[in-house]
Structure formats: C-alpha cells, structure tokens
Amino acid sequence: MSLILGYVATLLVTFFTYNIFVIGLNIQFGYTGILNFTVITFMAFGAYFYAVFVMPHADNASQVFYILGLHWPWPLAMLAGIVASGALGYLIGLIALKRLRSDYLAIVTLATGTLVYGLFGNNNKLFDGWSGLFNVNQPFQSVATNHPNEFSWIFVIFSGLIMLVVWLFANRLYASPLGRSMRAIREDQDVVDSFGKNSFKIRMLAMVIGSVIVGIGGVLTIQYIGALSPAGWTTGETFVVWAALLVGGRANNLGAILGSLLVAVIFNEATRYIPQVPSHPNLIPNLRNVIIGSLVILSIWFRPQGVLPEKKASFLEVPLVDKYAQGFPGEEPDSALSPAGSEA
Amino acid sequence: MANSILEVKGIKLAFGGVQAIDDCSFHIEEGTITALIGPNGAGKSTMVNVISGTYRPDEGQVMFDGKDVTRMPNYVRAQHGLLRTFQISREFANMTVLENLLVVRQGQAGESLFGALFRAKRWQAQTKELVAEANEILNTFGLYRLRNEYAGNLSGGQKRLVELSRAVMAKPRLLLLDEPMAGVTPALIERLGNHIVELNRELGVTFVLVEHNLEVVEKICSRVVVMALGKQLADGTLAELRSNQAVIDAYLGGGSRERVGS
Ligand SMILES: Nc1ncnc2c1ncn2[C@@H]1O[C@H](COP(=O)(O)OP(=O)(O)OP(=O)(O)O)[C@@H](O)[C@H]1O
Ligand SMILES: [Mg+2]
C-alpha cells in the first residue's frame, strides 16, 4: 500500500515539474517563437546550482568533488539555482538574440547544450562529472530521512503550489499587453520593431523568464530525488518537453499541461515501469522514444496546432453600429469572410 | 520653405555591388501628402527603409522634426511618430484583427513585466478603452465585422486595410506607405485614397506614399518626388513634372514599368 502511495506521489511530482518545464518552454516558443532546443540544460543548471549552494563543502576523502559547497539554507539555495538558470538564458540571449534570426538561435542553443553537457560531464571538479551529485540536502530534511512516504506527499503539495504560481504567472503574462507583444514578435518581429517596441528586449525577457521557470523545475527535481547526474538530462529529455508542448498545444497553457500529462507522465514515466527484457536492456527506453516520436508525428499530422490549440482572443466590448453592414464596394466577391447578411 | 518634418540629405546605400541609393536628397513638408515615384528598382523601398531606420545608410543624414535620427534604431524613431508600412502586407497572421491594432499602441501600462504582473487592473481598464478606440477605427475602415477574425484569414485587400488601420492606431505623425494600393481592386483603391486624405485632414498626419498608380497620385498628393537609379530626379506637382524632360525619359513617358525598369 505505501509502495503504491509513494509511486503515485512520484508520478504527481513528475507531472508538476514537467508542467513547469513545458510552461517555461511555452513562454519562449509558444508565446514568442524562440526555438530553445536545450530546455533540459536549464533544468540541470537550476538543479546543480541549487545543490552546490545547499550542500556542505566537498569532502575530499569521499572522492566526490564539486564547486562552492556553501551549505546555505534550502530556500536561499533554491533562489541561487533559479538565478543561475536565468543567467544562462540571459547569456545565450546576448549571443543569439541581438543579431541572429530564430533558426540561428536554435543552433546556438543546441551548441550550448552540447557544450555544457560535455563540460559538466568530463570535468569532475565542477559537479562531480559523470557520476553526478547525490545526498543533496532536501527541504523538510528530517521528514525526508525519517518518513520518506510523508516527505513524498509534502513534496507533492510543495511542488503543486509552485506549479500553481507558475501557471497563474504564465496566464497573466499571456493576457497582458507584454504577452500580446510577445505573440506579435512570434508572428513578425520586424513589424513589432517598426511600431516602436524594442523586440530584442522583449525576446530577451521571454528567454530569461522561460529559463527561470525551467530552472525552478530543475531545483524541484533535485530536491525531490536528492541526486542528479548527466544521464538524467540527456538531449532526449529536451525532446520530451518539446513533444509535450507540441502535442498538447503551443501558446495554450492548458495544452501545455495536457501535453505533459500525456507525454511526460503517461508515455514517458509509465513505460519506465514495464519489466525489462534481460536480453535487450535498451529495448524499453528505445521503445519509449519511438512511441513519443510517433505521438509527435501523429499530432503534427492530424492536429498541427496540438490537441488544445491557442485560444482566439475575445474582449468585453460595447457593440458598435457597423457602418459597412451592407458590405462595401471594394469587397472582393470571392472573400471567404463576407458576412452572411450582405450577400443577400 | 515651409516647415519640413522630414529631410534626407545625401543618402548613399549600396548592397554589395548595387548602388541602391546614390546621393539622394529631398524634404517633406509637415501636413502634406507627398508621392515618391520612380521606375522599378529606383530605390524607393530602400529609401523607406532608410528613413524608418530598418537600414542604416552608408552616407548621408535623415532629419526628422529637426533632429538627426540617422543613427537612431527604428523602434525609437517609431516612438517619435515616424511610422511605416511594408510593400507586402505583414499582418500578425495568428492574431485577430482587433489584437493587431491593440499591439501597436505605445505606452500601455502592462508592457513592462512589472506592469503586466502588478498593474493588472490598470492595463485591463486601458485595454477596454483601447478596444473601443480600435473598434471605432475598424468601423471607419469597414473592418468592424472582421475584428475577431484571424488577420491571416483575410483577403489581400482586407489585409491592406488592416495595415492602414493598424498604423492609425499607432498615432503616427509621419506615415510612410510603401505601395499601399498594390494588388487592390479599383474600388478599394478609391476608398484607401479617401481614408488617407481624411487622416491627413482630420488628424494632421503627414504622408509619404510610394505609388505607381499616377491617377491616385494626381488625386491625393500635393507634391511628387521622383527617384531614378537611386537619385532624386525632380520634385514638384505632377503637372509640373509632366513637362519635365528628364522625368518623361525616366518614367512618365515610358508608360510601361517593365521597359523603364529594365
Ligand atoms: N536587401 C537587398 N539586397 C540587395 N539588393 C537590394 C536589396 N534591396 C534592394 N536591392 C536592390 O536595390 C535596388 C533598389 O531596390 P528597391 O526595392 O528600393 O526599389 P523600388 O524603387 O522600391 O522598386 P519597386 O518599384 O520594384 O518596389 C534594386 O536594384 C534592388 O535589386
Ligand atoms: Mg519597392
């Protein structure tokens, strides 16, 4: 019974953290059209920097090496992780957003991701290389050590609350004039500039906000598990976040949540628990990628905007008397949008 | 000379080997509607891009309202009221017509991150007013019933109207229109012309109009600047230019755009 409860709690935490990842990407890509192909690197930044701020100084005798080791209280360390992730977003933005168009930005993010992966993996003095960090201090530490099941459920509530804040934030941003400018940049950046908005600044803002949000998810991930190694943030994980957003529906946060439920929880997590075939140890993970890949292809084929497409904006308004209710002379007769009334 | 709101002086701009603009100068008087004409490839669109700040000239100066704006980024020029439209319609396709207008108004409370998050009451109230204002503009342009349609779904002529009404929403002082009548039915050309004249009279907007259709130019423009091969060839009223031999040779007399442009 407690095993099942623990499992359910883990699934819920996974669901919540993936929601956060996908909402972060949604602000970058769905709102603003920024192609960030290394979402998971920001998760790793958040997680690792949380870890080295919260853990005590590295004990050389244990042969585990990492930088800093400041032993800060976990809420402060959490902030540090989030700031680190946002700073990485800012840096990539400086390199790529000023002059480069979105397709080049995609390449810059991919390159950065590969670079960071190699650097963090091969250099065992930074975050303990390929073996990664473990025994990372968790919030509510005494509960975590003594009552692991209770900790899981406390963490479900904790991560759920943070997800709620992120969700409210993202929705308010979407509806605001700033969010509207972001979506206009997604449609045509030059036009937004030519109407007096600094599109570079707005894209940078979206880049950093998205990075910060993904970083929050990263901190939560390592807080829950207490460990992270490069095997946990391969390029494939970025693909999962993208798949969730594309399947669920970009520029719609409800779609982002549906996508992370479908892709990240049901297809990705659930398949982890299918029994291994001893003669083919890689069969299940490979199968998982095949399934998620097919899901993306099917969804792009049949629902290119995702299961829940972007909602059409509507406004409260006082109706006017339409001056051209009878149609106007310049109306193209073949217009698909001719009003029903003026045709007669 | 009267109060000139725009002055370009000695502009030069080359793309690789092509000298698109070659020492071109002219000025535009405040409150007028001026046409910028010339054969294909004369450098008119390039000049619009230089004036609006999309391109930086190799040499020369752009003065707007007495200030040198040559090195000013395009979005700052736009903040000063120097706005432009594009030769091909560039609507925000996956946003509604109404949203297309709402985006461009400057100085909204919710445009900063702080404002977006913590001044929601204010920007919500503002948006409500802007929606009413945008609806009035759309109604004038005959787009009211299409206000909740995605701009990308509109016909070519309707998109032209969206471009113009969007520019009006941005409250321009000087509006550069790059071939606003291209690919538009004759009836709509007439309407667009009337709108431009009205905006000029009622709101005092100065217009610079790149236009091939000389009938339109004759009807609505008080002055014409002719460009050819990247240079300012002549300026004056259309009647004056009709008797100018250089202009006839380069443009007017030729009639066919193809012949002259090649
Ligand atoms: N971005 C560019 N790169 C290279 N050459 C360019 C570029 N833009 C314009 N040109 C060249 O500069 C010259 C002027 O072009 P421009 O578009 O300004 O002409 P135009 O007067 O607007 O012509 P049209 O009436 O056909 O619109 C042309 O020879 C064109 O090929
Ligand atoms: Mg042109």
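So the protein sequences, as listed, match chains A and B.
With positions in the first sequence counted from 1, the corresponding number in the working numbering is that position plus 441.
With positions in the second sequence counted from 1, the corresponding number in the working numbering is that position plus 21.
Beta carbons are placed, not taken as given, at the ideal position from N, Cα and C, and that holds for glycine.
Would you say residue i touches ligand 2, meaning its beta carbon is less than 8 Å from a heavy atom?
i, result
"LYS65/B", "yes"
"GLN253/B", "no"
"GLU200/B", "yes"
"LYS127/B", "For the sequence presented, residue 127/B should be read as Gln rather than Lys. No, ligand 2 has no heavy atom inside 8 Å of this Cβ."
Quick check on residue i - is its C-beta less than 9 Å from some C-beta in chain B?
i, result
"ARG613/A", "yes"
"GLU392/A", "With chain A covering only 442 through 785, there is no way to say anything about residue 392/A."
"VAL655/A", "no"
"ALA603/A", "Sequence check: residue 603/A is Ile here, not Ala. No, ILE603/A does not count as interfacial toward chain B."
"PRO618/A", "yes"
"TYR531/A", "no"
"SER622/A", "yes"
"ALA754/A", "yes"
"VAL632/A", "yes"
"LEU800/A", "As displayed, chain A neither begins before 442 nor continues past 785, which places residue 800/A out of reach and without an answer."
"ILE650/A", "yes"
"ALA785/A", "Model confidence at ALA785/A stands at a pLDDT of 31, short of 50, so the residue's coordinates are unreliable; what they give is reported in the following sentence. Taking Cβ atoms only, chain B never reaches closer than 9 Å to ALA785/A, which makes this a no."
"GLY677/A", "no"
"ASN639/A", "yes"
"SER776/A", "Annotation note: pLDDT 45 at SER776/A (below 50); position unreliable, coordinate value reported separately. Judged by the 9 Å Cβ criterion, SER776/A is in contact with chain B."
"VAL606/A", "no"
"ARG627/A", "yes"
"ALA766/A", "yes"
"PHE610/A", "yes"
"LEU535/A", "no"
Please find out if some non-hydrogen atom of ligand 1 comes closer than 8 Å to the beta-carbon of residue i.
i, result
"HIS233/B", "yes"
"ASN612/A", "no"
"VAL745/A", "In the sequence on display, residue 745/A carries Pro and not Val. No, the Cβ of PRO745/A stays beyond 8 Å of every heavy atom of ligand 1."
"VAL632/A", "no"
"GLN108/B", "yes"
"PRO618/A", "no"
"PHE47/B", "no"
"PRO60/B", "yes"
"GLY102/B", "no"
"VAL454/A", "no"
"ALA41/B", "yes"
"GLY37/B", "yes"
"MET84/B", "no"
"MET68/B", "yes"
"MET645/A", "no"
"MET248/B", "yes"
Compare the C-beta of residue i against all C-beta atoms of chain A and say whether one is closer than 9 Å.
i, result
"SER66/B", "no"
"ALA137/B", "yes"
"ARG278/B", "Per-residue confidence for ARG278/B stands at a pLDDT of 41, beneath the threshold of 50, marking its modelled position as unreliable; no derived number is given."
"ARG111/B", "yes"
"MET116/B", "yes"
"GLY163/B", "yes"
"GLU219/B", "no"
"ALA99/B", "yes"
"GLY282/B", "Since pLDDT at GLY282/B reaches only 35, below the 50 mark, its modelled position is unreliable, and no value is offered."
State the CB to CB distance for the pair residue i and residue j, rounded to an integer number of angstroms; the pair is presumed to be in contact (CB under 8 Å).
i, j, result
"ASN694/A", "ALA766/A", "Not a contact, Cβ separation roughly 37 Å."
"MET248/B", "GLY59/B", "4 Å"
"GLY690/A", "PRO750/A", "5 Å"
"GLU80/B", "LYS149/B", "In fact, because the Cβ distance is near 48 Å, the residues do not count as touching under 8 Å."
"ASN121/B", "LYS764/A", "Actually they do not touch by this definition, with Cβ atoms about 19 Å apart."
"LEU567/A", "ILE603/A", "That belief does not hold up - the Cβ atoms of LEU567/A and ILE603/A are roughly 27 Å apart, past 8 Å."
Any heavy atom of ligand 4 inside 8 Å of the beta-carbon of residue i?
i, result
"GLY38/B", "For the structure depicted, ligand 4 is absent and the ligand set comprises only ligand 1 and ligand 2."
### Query
Counting Cβ pairs, one atom from each stretch, are 3 or more of them under 8 Å apart for the region 492-506 of chain A and the region 672-679 of chain A?
no
### Message
Does the structure place the region 215-235 of chain B close enough to the region 127-147 of chain B that three or more beta carbon pairs sit under 8 Å?
### Response
no
### Query
Can you give, in chain order, each stretch of the alpha helix (DSSP H) that sits fully within the region 182-239 of chain B and has at least 4 residues?
207-224
### Message
Under 8 Å: do the region 34-53 of chain B and the region 96-110 of chain B share three or more Cβ pairs, one atom per stretch?
### Response
no
### Query
In the region 526-569 of chain A, which residue ranges form an unbroken alpha helix (DSSP H) of at least 4 residues, counting only runs that do not cross its ends?
543-563 and 565-568
### Message
Any contact between the region 699-710 of chain A and the region 756-765 of chain A? By contact I mean 3 or more CB pairs, one from each, below 8 Å.
### Response
no
### Task
Spell out a yes or no on whether the region 483-492 of chain A and the region 658-669 of chain A are touching, meaning 3 or more CB-CB pairs, one atom from each, closer than 8 Å.
yes
### Task
Examine the Cβ distances between the region 514-523 of chain A and the region 492-501 of chain A and report whether three or more of them are shorter than 8 Å.
yes
### Query
Three or more C-beta pairs closer than 8 Å, one from the region 114-127 of chain B and one from the region 589-601 of chain A: is that the case here?
no
### Query
Using 8 Å as the threshold, is the region 145-165 of chain B in touch with the region 633-641 of chain A, meaning 3 or more CB pairs across them?
no
### Task
Output the residue ranges of the alpha helix (DSSP H) runs that lie fully inside the region 85-134 of chain B and measure 4 residues or longer, sorted by chain position.
95-100 and 118-125
### Task
Would you check if the region 183-196 of chain B and the region 223-235 of chain B touch, i.e. whether three or more CB-CB distances between them fall below 8 Å?
yes
### Message
Pairs of beta-carbons, one from the region 588-596 of chain A and one from the region 524-539 of chain A, closer than 8 Å: are there three or more?
### Response
no
### Task
Count the C-beta pairs between the region 639-652 of chain A and the region 463-481 of chain A that are closer than 8 Å, then say yes if the count reaches three, no if not.
yes
### Task
Determine, using beta-carbon pairs with one atom in the region 77-93 of chain B and one in the region 612-620 of chain A, whether at least three such pairs fall under 8 Å.
no
### Task
Mind checking the region 453-486 of chain A against chain C and listing, in chain order, the residues whose C-beta falls within less than 8 Å of any C-beta there?
As a matter of chain content, chain C is missing from the structure shown, whose protein chains are A and B.
### Task
Taking only runs that begin and end inside the region 615-695 of chain A, name each unbroken beta strand (DSSP E) of 3 or more residues, in chain order.
none
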